[in-house]
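**Student:** Can you read through this structure? Questions will come right after.
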Amino acid sequence: MNYEIKHQDKFRFIEEGEGEPLVLLHGLFGALSNFMDLIEYFKHHYKVVVPMLPLFDLDILHTSVSGLEKYVHKFIETRNYQNINLLGNSLGGHVALVHILKHPERIKSLILTGSSGLFENGMGDTYPKRGDYEYIRKKTELTFFDPKMATKELVDEVYDIVNVRLKVIKIIALAKSAIRNNLGEEISQIKQPTLLIWGNNDTITPPFVGREFNRLIPNSELHFIDKCGHAPMMEVPEEFNVILHKFLKKLNEPAAVA
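Just so you know, full-length UniProt numbering puts 145 at position 145 of the sequence shown, and the rest follows in order with no gaps.
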């Protein structure tokens with residue numbers, strides 16, 4: 001699928017469909033391909049927006065969860081989106097959490113899948129010597145329940161990133177920032193309806209992380225998907241889309257009169 005990448009000020013983004021905004025925030029090795037099935041399905045019901053997060057474009061001081069949150073905040077203000085359904089996977093979920101805590105006013109609902117913010121197993125503390133393709137392939141496979149999901153294209157994408165020294169430095173900076181920026185009890189302040197979709201076989205943010213988010217966020221519901229790892233919207237898109245669509249439709253139903 002080729003989507004038109006739009007430009008406004010310093011922002012690059014995709015915007016498909018009409019209606020209430022469904023804003024998608026990708027993770028550390030995230031790319032548009034992560035959200036392909038989601039965009040295709042929801043563009044018929046919502047305005048689906050994917051900002052390209054500047055993972056490698058911020059100066060090293062601002063290469064952090066809060067630096068990315070500031071970027072998302074400015075993007076939302078520039079585009080003047082209202083009533084946003086904000087969805088984040090992995091690091092994108094962490095950025096969404098920081099954003100909703102700082103700027104709840106435009107956010108209608110929060111959707112987290114495999115989100116960091118409480119606990120995550122990173123890519124590991126050590127990075128291989130550049131050029132170790134096999135190591136990168138194995139690490140990429142860990143994202144999924146089914147290792148075949150780590151296609152050659154996906155592994156190549158990650159491999160290309162970790163072969164650029166400055167990009168590796170920025171990835172490590174972001175990963176360390178995510179671990180330092182642990183939100184804990186703070187997230188119990190979130191008032192918006194929250195949907196948590198977790199892979200039962202997620203080894204990066206294991207199922208107990210989903211349960212902890214569910215315990216801490218007052219108005220939240222948790223769904224587990226079997227035979228699924230850290231990126232449910234990629235690995236089991238049909239099931240993911242059904243759960244998400246049901247949740248979003250419920251938000252727009254008038255409250256039953258007692």
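From the three backbone atoms N, C-alpha and C, an ideal C-beta is built for every residue, glycine too.
If I follow the unbroken alpha helix (DSSP H) through residue 165, where does it start and stop?
**Tutor:** That run of the alpha helix (DSSP H) goes 165-180.
**Student:** Round the Cβ separation of residue 199 and residue 145 to the nearest angstrom and send it over; I've been treating them as touching at under 8 Å.
**Tutor:** The pair is a contact, with the Cβ atoms about 7 Å apart (cut-off 8 Å).
**Student:** Given residue 125, which residues of its chain have a CB within under 7 Å of its CB, disregarding the five upstream and five downstream residues?
**Tutor:** A caution first: residue 125 carries a pLDDT of 49, below 50, which makes its placement in the model unreliable, though a value can still be read off. Excluding sequence neighbours, residue 125 sits near nothing in its chain.
**Student:** For residue 207, tell me which candidate among 166, 218 and 112 has the shortest Cα-Cα distance.
**Tutor:** When only C-alpha atoms are compared, the closest one is 112.
**Student:** Out of 39, 19 and 11, state which residue places its alpha-carbon closest to the alpha-carbon of residue 3.
**Tutor:** Ranking the options by Cα distance to residue 3, first place goes to 39.
**Student:** Take residue 170 and list the residues in its own chain whose beta-carbon comes closer than 6 Å to its own, dropping the five residues that flank it on each side.
**Tutor:** Contacts found: 56 and 63.
**Student:** On the criterion of 16 or more Cβ atoms from any shown chain inside 10 Å, does residue 216 qualify as buried, or is it exposed?
**Tutor:** Result: buried.
**Student:** Hey, would you say residue 65 sits closer than 8 Å to residue 16, going by beta carbons?
**Tutor:** Not closer than 8 Å, so no.
**Student:** Under the rule that 16 or more other beta-carbon atoms within 10 Å means buried, what is residue 235, buried or exposed?
**Tutor:** Buried.
**Student:** Tell whether a beta-carbon distance below 8 Å holds between residue 166 and residue 87.
**Tutor:** Going by C-beta atoms, residue 166 is not nearer than 8 Å to residue 87.
**Student:** Among residues of its own chain, excluding the 5 on either side of residue 11, which ones have a beta-carbon nearer than 6 Å to its beta-carbon?
**Tutor:** Closer than 6 Å at the Cβ level, and outside the excluded window around residue 11, lie 75.
**Student:** Which residues in the same chain have their Cβ closer than 8 Å to the Cβ of residue 181, if we skip the five residues on either side of it in sequence?
**Tutor:** Taken in chain order, the residues that qualify are 64, 65, 66, 94, 98 and 117.
**Student:** Using 10 angstroms around the beta-carbon of residue 102, count the other beta-carbons present and answer buried if the total reaches 16, otherwise exposed.
**Tutor:** Classification of residue 102: exposed, given that the 10 Å Cβ count is below 16.
**Student:** Hey, out of 233, 210 and 218, whose CA is closest to residue 186's CA?
**Tutor:** Residue 218 is the option with its Cα nearest to residue 186.
**Student:** Could you tell me which of 53, 8 and 45 sits nearest to residue 24, measuring between CA atoms?
**Tutor:** Ranking the options by Cα distance to residue 24, first place goes to 53.
**Student:** What is the residue span of the alpha helix (DSSP H) that residue 140 lies within?
**Tutor:** Note, residue 140: alpha helix (DSSP H), 133-141.
**Student:** Using only the alpha-carbon positions, how far apart do residue 189 and residue 221 sit?
**Tutor:** Taking the straight line joining both Cα atoms gives about 16 Å.
**Student:** Report buried or exposed for residue 203, applying the criterion of at least 16 other Cβ atoms within 10 angstroms of its Cβ.
**Tutor:** Classification for residue 203: exposed.
**Student:** Straight-line CA distance for residue 183 to residue 44?
**Tutor:** Going from the Cα of residue 183 to the Cα of residue 44 covers about 35 Å.
**Student:** With DSSP run on the structure shown, which of helix, strand or coil describes residue 113?
**Tutor:** Strand.
**Student:** What is the rounded straight-line gap between the Cα of residue 108 and the Cα of residue 244?
**Tutor:** In a straight line, the C-alpha of residue 108 is about 14 Å away from that of residue 244.
**Student:** Return helix, strand or coil for residue 33, following the three-state DSSP convention.
**Tutor:** It is helical.
**Student:** How is the beta strand (DSSP E) around residue 22 delimited, first residue to last?
**Tutor:** 21-25 is the span of the beta strand (DSSP E), which, as asked, contains residue 22.
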